[in-house]
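Numbering (this note's numbering), first residue to last: 32 to 159.
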């Protein structure tokens, strides 16, 4: 009797669609006395326009890493935990309307069409 042939399958790497965990974000925010920031920005360039919702412990460095022209529509500061939870709620609310930009960058899976501004109570043109 022959031994059954073993088929080896390659494991696919899970794409990283999520940023940091709450604990990681808290550690990042320790540099700011536990304060974090949630932002809603309008991104323009490369023939497209969209909004991005995200959190950071350092506003200047975060915006430098986005390869689009950014306009701040809303900026909220608070405890790392409250900011993290608020961002997660927004992503959950907008999950069915994600927009994937043509130009890749960290956070590209946290983008939405400009029409999402109405749901968030911000103007597409507001400048913070």
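Even for Gly, the Cβ is constructed at its ideal location relative to N, Cα and C.
| Asked | Found |
| --- | --- |
| Residue 73, buried or exposed, once every other Cβ within 10 Å from all chains shown has been counted against 16 | buried |
| Sequence-distant residues of the same chain with beta carbon closer than 7 Å to residue 98, five excluded per side | 134, 136 |
| For residue 141, the first and last residue of its enclosing beta strand (DSSP E) | That residue, residue 141, is in no beta strand (DSSP E); it is neither H nor E in DSSP. |
| Alpha carbon of residue 46 to alpha carbon of residue 53, nearest angstrom | Low confidence applies to residue 46: its pLDDT is 39, below 50, so where it sits in the model is not reliable, and the reading given next is rough at best. Going from the Cα of residue 46 to the Cα of residue 53 covers about 19 Å. |
| Limits of the alpha helix (DSSP H) - the one that residue 148 falls within | 148-151 |
| Neighbourhood of residue 59 by C-beta distance below 6 Å, restricted to the same chain and skipping five residues each side | 88 |
| CA-to-CA distance, residue 100 to residue 79, given in whole angstroms | 11 Å |
| Environment of residue 91 [buried if 16+ CB atoms lie within 10 Å] | exposed |
| Own chain, CB closer than 6 Å to residue 142, minus 5 neighbours either side, in chain order | 81, 83, 130, 132 |
| Top-ranked residue by Cα proximity to residue 56, from 152, 115, 77 | 115 |
| Beta-carbon proximity list for residue 178, same chain, < 6 Å, skipping 5 on both sides | Here the chain comprises residues numbered 32 to 159, so residue 178 is not present and cannot be evaluated. |
| Buried/exposed call for residue 146, threshold 16 Cβ in 10 Å | exposed |
| Residues bridged to residue 79 (per DSSP) | 76 |
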